[in-house]
Amino acid sequence: MTINLNESQNIEFKQLWKDEYIKWISAFGNSDGGKLYVGVDDDGDIVGIDNAKKLLEDIPNKVRDILGIIVDVNLKISEDKEYLEIITDKYPYPISYKGSYYYRSGSSTQEIKGAALDKFLLSRQGKKWDGVPVPYFGFDDLDPFAFRLFRDKAEKKKRIDAELLKESDEVLVDKLHLKEGDYLKRATTLLFAKEPQKYVTGSSIKIGYFKSNSDLVYQDVIEGNLFFLAGYIESWGRGIEKIIDESKKFNGITPQFRWQNGLWVEFYFNKVDSKELETRVKTRVKILELIEENPNITNQELAEKLELTVKGIEWQIKKLKAQGFLQRIGGAKGGHWEYNDDNH
Numbered sequence: 409m410t411i412n413l414n415e416s417q418n419i420e421f422k423q424l425w426k427d428e429y430i431k432w433i434s435a436f437g438n439s440d441g442g443k444l445y446v447g448v449d450d451d452g453d454i455v456g457i458d459n460a461k462k463l464l465e466d467i468p469n470k471v472r473d474i475l476g477i478i479v480d481v482n483l484k485i486s487e488d489k490e491y492l493e494i495i496t497d498k499y500p501y502p503i504s505y506k507g508s509y510y511y512r513s514g515s516s517t518q519e520i521k522g523a524a525l526d527k528f529l530l531s532r533q534g535k536k537w538d539g540v541p542v543p544y545f546g547f548d549d550l551d552p553f554a555f556r557l558f559r560d561k562a563e564k565k566k567r568i569d570a571e572l573l574k575e576s577d578e579v580l581v582d583k584l585h586l587k588e589g590d591y592l593k594r595a596t597t598l599l600f601a602k603e604p605q606k607y608v609t610g611s612s613i614k615i616g617y618f619k620s621n622s623d624l625v626y627q628d629v630i631e632g633n634l635f636f637l638a639g640y641i642e643s644w645g646r647g648i649e650k651i652i653d654e655s656k657k658f659n660g661i662t663p664q665f666r667w668q669n670g671l672w673v674e675f676y677f678n679k680v681d682s683k684e685l686e687t688r689v690k691t692r693v694k695i696l697e698l699i700e701e702n703p704n705i706t707n708q709e710l711a712e713k714l715e716l717t718v719k720g721i722e723w724q725i726k727k728l729k730a731q732g733f734l735q736r737i738g739g740a741k742g743g744h745w746e747y748n749d750d751n752h
């Protein structure tokens, strides 16, 4: 029997339970919630578990003790096979698993690190990156010229009361909600600081125009930038440009860039050779013929008869199942194949 679901951002399959899978539960809680099925293989086939009733009691207690949250654990039965459904809700606060934070991206569980972790923790606390107070940054560090420029542009657009623009810089900052308690916010450093780079790395932007590639000379504009001197980075970002150039050299096609739970780059490769495609089709036809003759045949036996590796057979069978030609009834031991000739 197969579950009518596919692994996704909200669905995960595991054949058996391991305590380390509590990490997956924490990721669901830090994302949009989700369901973890135990006793189901990667293809969605229900293989069942032997200790379902024990896990029904153990899992909620372990999750509560390790993560401090409550999950619903439901016992499911299909064709005398028991499996578990663990439902995790989305939580408004960050959930830590052994000191680390995890998140669901597509059908994978990933650890949140660096700047992404800062953003995640701030968002769960109701703060934004630019709303964080900055210690050791005061009104003496603000640039009067930046305020004059702001007042001139705001007056022309007439989006702020003219009387407010006549107030002192301190009052203007307060009215623009750029201050929290005794501290100025990070947004203030970007808008009005004399040296924004001192407080926010990467706050300076350079725009350059060059007549030709030979005129493009990479220079370090910030004295003491050791990462640049060590060769780890360039002062002008050219990563995207290099990707496009190398792709054009390879097959003349420009890769596509899109944003979906992170940056995705799609590369286009040459079409599969017609002979290679014909070989794949013949292999799958032979597999179907052998299974039709002997529904109990194993992957090892198929591999020996077709002189392929077991992994190669598993890959071909996965494709045949996805196309609806094959269905596995029962587990690896004692089960058999059913061939659907309606798709033939």
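Going letter by letter, the sequence shown gives residues 409 to 752 in my numbering.
Don't be surprised by glycine CBs; every beta carbon is placed ideally from N, CA and C.
The structure presented is a predicted model; accordingly, all values stated were derived computationally and were not measured.
Say whether the stretch 533-551 touches the stretch 592-605, bearing in mind that this needs 3 or more beta-carbon pairs closer than 8 angstroms, one atom from each stretch. yes
Consult DSSP for D458 and reduce its assignment to one of helix, strand or coil. For D458, the secondary structure class from DSSP, reduced to helix, strand or coil, is coil.
Counting along the chain, where does the beta strand (DSSP E) carrying N438 start and finish? N438 -> not in any beta strand (DSSP E); alpha helix (DSSP H) instead, spanning 430-438.
Beta-carbon proximity check, D453 vs R692, cutoff 7 angstroms: Cβ distance not < 7 angstroms, so D453 and R692 don't count as in contact.
Tell me which same chain residues have a C-beta within less than 7 angstroms of the C-beta of G456, skipping the five on either side of it? G447, K489, E490, Y491
With 16 other Cβ atoms within 10 Å as the buried cut-off, status of A460: buried
Going by DSSP, what residue range makes up the alpha helix (DSSP H) through V718? Where V718 is concerned, the enclosing alpha helix (DSSP H) stretches over 718-730.
So, using beta-carbon positions, are F421 and T496 closer together than 7 angstroms? It is not a contact, given that the beta carbons lie outside the stated cut-off.
Going by DSSP in three states, R666 sits in which element: helix, strand or coil? Correct three-state label for R666: strand.
Given this structure, state the Cα-to-Cα distance separating S655 from W667, to the nearest angstrom. 19 angstroms
With DSSP run on the structure shown, which of helix, strand or coil describes L424? coil
Answer yes or no: do L464 and W425 have a C-beta to C-beta separation smaller than 7 angstroms? no
Does A601 pass the burial test, meaning 16 or more other C-beta atoms within 10 Å, or should it be called exposed? Of the residues assessed, A601 falls on the buried side of the cut-off, its CB having 16 or more other CB atoms within 10 angstroms.
Do K729 and the ligand MG come close, with the Cβ less than 6 angstroms from some heavy atom? Judged by which ligands are present, the structure shown has none, so any question about the ligand MG falls away.
Which residues share a DSSP beta bridge with R472? Its beta-bridge partners do not exist; DSSP assigns none.
Please classify G507 as buried or exposed, where buried requires at least 16 other C-beta atoms within 10 Å of its C-beta. exposed
I need the straight-line Cα distance from L550 to K574, nearest angstrom please. 17 angstroms
Best match in F555, P502, N438, L444 for proximity to L598 [C-alpha to C-alpha]: F555
For Q417, I'd like the list of residues in its chain whose CB is within less than 8 angstroms of its CB, leaving aside the five on either flank, ordered along the chain. S439, D440, G442, R512, S513, G514, S515, N669
Provide the residue span of the alpha helix (DSSP H) that contains S531, from first to last. The continuous alpha helix (DSSP H) containing S531 extends over residues 522-532.
Starting from L734, follow the alpha helix (DSSP H) in both directions and report where the run begins and ends. Premise fails: L734 lies in the beta strand (DSSP E), 734-737, not in any alpha helix (DSSP H).
Select from I652, E722, E571 the residue whose C-alpha is nearest the C-alpha of Q664. I652
Does the Cβ-Cβ distance between I474 and I430 come in under 7 angstroms? yes
State the beta-bridge partners of A601 as determined by DSSP. L550
Can you pull the DSSP bridge partners for I478? Its beta-bridge partners do not exist; DSSP assigns none.
If you follow the alpha helix (DSSP H) that Q417 is in, where does it begin and where does it stop? No alpha helix (DSSP H) contains Q417, which DSSP labels as neither H nor E.
Leaving out five residues before and five after K729 in sequence, what residues of the same chain have Cβ atoms less than 8 angstroms from its Cβ? D451, Q735, R736
Does W432 pass the burial test, meaning 16 or more other C-beta atoms within 10 Å, or should it be called exposed? buried
Where does I411 fall in DSSP's three states? coil
Give me the Cα-Cα distance between S607 and G647, rounded to the nearest whole angstrom. For the sequence presented, residue 607 should be read as Tyr rather than Ser. Their Cα atoms are separated by approximately 25 angstroms.
Quick one: residues in its chain with C-beta nearer than 6 angstroms to the C-beta of H744, no 5 flanking neighbours on either side, listed in chain order? P703, N704, I737
Which residue comes first and which comes last in the alpha helix (DSSP H) that contains K443? Looking at the DSSP string, K443 is not in any alpha helix (DSSP H); the run it does join, the beta strand (DSSP E), is 442-446.
Quick check on this structure: which residue in S486, V540, E428, T596 has the alpha carbon closest to the alpha carbon of G739? S486
Taking just the CA atoms, how far does I661 sit from Y445? 41 angstroms
Tell me, which residues are paired with W745 by DSSP? R736
According to DSSP, is D453 helix, strand or coil? strand
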